[in-house]
Amino acid sequence: MTKQERAARREKQIIRTVAVLLGAGGLSGCVIDFWMFSKLAQSSTSRPAMFVLFSCFLLVFAASGWTGWALWKGNPGAKIWAEILLAAQVPILLVHGFTYDFFTGVLFSVVWDNAQPKLNFNFNVGASITLELFTNPESWNIGVNLVALTALILMLRSPKPQLQYPTNFTPNSTPLNPQDLPPNP
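The C-terminal position of the sequence shown is numbered 425 in this note's numbering, with every residue numbered one higher than the one before it.
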């Protein structure tokens with residue numbers, strides 16, 4: 241096996257691993273979100289704003305699932321969406337007035353807890369979104385999802401996908417003449 245073949249095989253393994261993380265995490269997130277929808281619908285204190293919020297979460301998880309599937313299939317545009325979704329999973333914040341945590345697939349995080357000055361290590365499998373506004377925590381936490389950070393770095397280092405044209409596609413080699421354009425109104 242040549243060096244180029246090994247590199248291409250490694251890139252494919254990285255893409256497939258990220259595809260499984262995003263796809264399985266997106267699917268589990270959608271299942272969890274539907275379960276939360278059903279609990280919210282049965283609740284007597286359900287609010288329309290909660291349905292809107294869970295709908296937004298469902299869209300994020302569905303986008304993760306679609307991106308994982310598209311990466312697995314080799315869609316070149318999915319790489320950009322994977323990078324965006326992975327970047328959104330890196331930060332973990334709990335500060336005065338704002339809490340944010342999002343992951344699909346696997347979370348292995350390192351979080352600094354200000355209340356008891358120490359590092360906390362967390363491991364979770366599945367999917368989760370935590371978004372709270374106007375919270376008043378007694379301490380602040382800041383951290384990173386190491387799985388998402390590693391996957392993001394590997395995706396950013398991988399070569400940009402090449403556009404694949406259909407086999408019957410032939411680019412037009414003749415330049416466009418201004419006379420061929422429709423007149424301006």
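Just so you know, even glycine gets a beta-carbon here, dropped at the ideal spot from N, CA and C. Fair warning: this is a prediction, and the values are worked out from it, not measured in the lab.
Selection from the options that minimises the alpha carbon distance to residue i
{"i": "residue 273", "options": "370, 383, 325", "result": "370"}
{"i": "residue 350", "options": "292, 383, 278, 395", "result": "383"}
{"i": "residue 341", "options": "319, 367, 399", "result": "367"}
Residue i classed as buried or exposed, judged by whether at least 16 other C-beta atoms fall within 10 angstroms
{"i": "residue 466", "result": "Shown here, the chain extends from 241 to 425; a query on residue 466 therefore has no answer."}
{"i": "residue 255", "result": "buried"}
{"i": "residue 400", "result": "exposed"}
{"i": "residue 360", "result": "exposed"}
{"i": "residue 347", "result": "buried"}
{"i": "residue 279", "result": "exposed"}
{"i": "residue 241", "result": "exposed"}
{"i": "residue 271", "result": "exposed"}
{"i": "residue 337", "result": "exposed"}
Element boundaries [alpha helix (DSSP H), containing residue i]
{"i": "residue 288", "result": "288-313"}
{"i": "residue 258", "result": "243-282"}
Pair every Cβ in the region 243-256 with every Cβ in the region 354-361, then say whether three or more of these pairs are closer than 8 Å.
-> Too few Cβ pairs lie closer than 8 Å, so no.
Is the number of C-beta pairs between the region 374-392 and the region 308-315 that are closer than 8 Å three or more?
-> With the cut-off at 8 Å, the region 374-392 and the region 308-315 do not touch.
Tell me, please, whether the region 254-268 touches the region 302-311 by the rule of three or more beta-carbon pairs shorter than 8 Å.
-> Yes: the two stretches touch, three or more of their Cβ pairs being nearer than 8 Å.
Start-end ranges of the alpha helix (DSSP H) lying completely within the region 345-403, minimum 4 residues | Here the runs fully enclosed are 386-397.
Should the region 384-392 be called in touch with the region 324-334, which here means at least 3 C-beta pairs below 8 Å?
-> Counting Cβ pairs under 8 Å, three or more are found: they touch.
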